[in-house]
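The structure appears right after this line, and notes come after that.
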Amino acid sequence: GAVVSQHPSWVICKSGTSVKIECRSLDFQATTMFWYRQFPKQSLMLMATSNEGSKATYEQGVEKDKFLINHASLTLSTLTVTSAHPEDSSFYICSARDRTGPDTQYFGPGTRLTVL
Amino acid sequence: AQSVTQPDIHITVSEGASLELRCNYSYGATPYLFWYVQSPGQGLQLLLKYFSGDTLVQGIKGFEAEFKRSQSSFNLRKPSVHWSDAAEYFCAVGAREYGNKLVFGAGTILRVKS
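Going down the list, the sequences are from chains A and B.
The opening position of the first sequence corresponds to residue 289 in this note's numbering, with each subsequent residue numbered one higher.
The opening position of the second sequence corresponds to residue 99 in this note's numbering, with each subsequent residue numbered one higher.
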């Protein structure tokens, strides 16, 4: 149980284009999902908290117009990197919070974004 | 401010030897504590968690961790390491008072030598 998927697992795009990453909780409902960014050889940095049916909450320094988050259902959150640039290249990981038991975040497998 | 410290960036142990990965935290609330493992290019897998109760918690893959409130520590242990345990390990802390957001340590890379 508690499986989270991400799609795509990797994506290469041209500078200036937009990329959408999906995060799904497969066997539980997640009213809250989190989006993280991980640079090579570094830890995870929280970008934003995604709440079903409401606006996302962004961490300080994260551009909300750059990283659009939509959490339209209890099992799906999407992160759209708009007008991507090479500095947006990174590993993006989502997590979903399972509220059926003690609050625990379960992580997706990550999405490797490379912007050329 | 909340912070998590994993003092060891790299650790190398021989296969079959015991392992202890250190984690210290500074938190202004009653913490929830987690250990996750990440293989290269992969997401994070939950090894174990502590919310309350018995301070020694058992996890998957033979791992355990002990919460010591007096030392603000949550060290991860395994009595006998296997080559497949080579990965990066992250300690994380959260609290309901902070919206259950997780603060991660910098990670410890475990290398296992045969």
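No residue lacks a Cβ here, since even glycine has one placed at the ideal position from N, Cα and C.
Using beta carbons (cut-off 9 Å, strictly below), is residue 292 of chain A in contact with chain B?
Numbered from 1 along the first sequence, position 4 holds the residue referred to as residue 292 of chain A. Answer yes: the Cβ-Cβ gap between residue 292 of chain A and chain B drops below 9 Å somewhere.
Chain B partners of residue 381 of chain A, CB-CB under 8 Å?
The sequence position of residue 381 of chain A within the first sequence is 93, counting from 1. In chain order: 141 and 142.
Considering only C-alpha positions, which residue in the set B:189, B:194 and B:198 is nearest to residue 107 of chain B?
Here the question's residue 107 of chain B lines up with position 9 in the second sequence. The option with the nearest alpha carbon to residue 107 of chain B is B:189.
Here's a check: name, in chain order, each residue in its chain whose Cβ is nearer than 8 Å to the Cβ of residue 199 of chain B, leaving out the five neighbours to either side.
By 1-based counting over the second sequence, the position of residue 199 of chain B is 101. These residues qualify, in order along the chain: 192.
Do the region 337 to 344 of chain A and the region 389 to 404 of chain A meet, that is, are 3 or more Cβ pairs less than 8 Å apart?
No, they do not touch.
Out of A:397, A:403, A:324 and A:348, which one is the CA nearest neighbour of residue 290 of chain A?
To locate residue 290 of chain A, count along the first sequence from 1; it is residue 2. Nearest C-alpha to residue 290 of chain A: A:397.
For the region 198 to 210 of chain B, which residues have a beta carbon sitting closer than 9 Å to at least one beta carbon of chain A?
Hits within the stretch, in order: 198, 199, 200, 201, 202, 203, 204, 205 and 207.
Which residue from B:114, B:113 and B:131 puts its Cα closest to that of residue 121 of chain B?
Sequence index remark: in the second sequence, residue 121 of chain B carries index 23 (1-based). The candidate whose alpha carbon is nearest that of residue 121 of chain B is B:131.
Going by the CB atoms, is the gap between residue 110 of chain B and residue 216 of chain B shorter than 9 Å?
Residue 216 of chain B is absent from the model: chain B starts at 99 and stops at 212.
Roughly how far, in whole angstroms, is the beta-carbon of residue 292 of chain A from the beta-carbon of residue 394 of chain A, given that I think they are within contact range, below 8 Å?
The residue given as residue 292 of chain A occupies position 4 in the first sequence. The residue given as residue 394 of chain A occupies position 106 in the first sequence. Contact holds; Cβ gap of about 5 Å.
So what does DSSP say about residue 107 of chain B, is it helix, strand or coil?
Stepping through the second sequence from its first residue, residue 107 of chain B is reached at position 9. Reduced to three states, the DSSP call for residue 107 of chain B is coil.
Quick check: residue 314 of chain A and residue 322 of chain A, are their CB atoms within less than 9 Å of each other?
The sequence position of residue 314 of chain A within the first sequence is 26, counting from 1. The sequence position of residue 322 of chain A within the first sequence is 34, counting from 1. Against a cut-off of 9 Å, the Cβ pair of residue 322 of chain A and residue 314 of chain A comes out as no contact.
For residue 164 of chain B, list the residues DSSP reports as bridge partners.
Taking the second sequence and counting its residues from 1, one reaches residue 164 of chain B at position 66. DSSP output for residue 164 of chain B lists B:154 and B:173 as bridge partner(s).
Return the first residue and the last residue of the beta strand (DSSP E) that residue 355 of chain A is part of.
Translated into the one-based positions of the first sequence, residue 355 of chain A becomes position 67. First-last of the beta strand (DSSP E) with residue 355 of chain A: 355 to 361.
If you count every other CB in all the chains shown that lies within 10 Å of the CB of residue 178 of chain B, and 16 or more means buried, which is it?
The residue you call residue 178 of chain B lines up with position 80 of the second sequence. So residue 178 of chain B counts as exposed.
Name the chain A residues that come within less than 9 Å of residue 188 of chain B, Cβ to Cβ?
Residue 188 of chain B sits at position 90 when you count from the first residue of the second sequence. Correct list: 331 and 332.
With distances taken between CB atoms, is the gap from residue 310 of chain A to residue 365 of chain A smaller than 9 Å?
Position 22 of the first sequence, counted from the first residue, corresponds to residue 310 of chain A. Position 77 of the first sequence, counted from the first residue, corresponds to residue 365 of chain A. Yes. Within cutoff.
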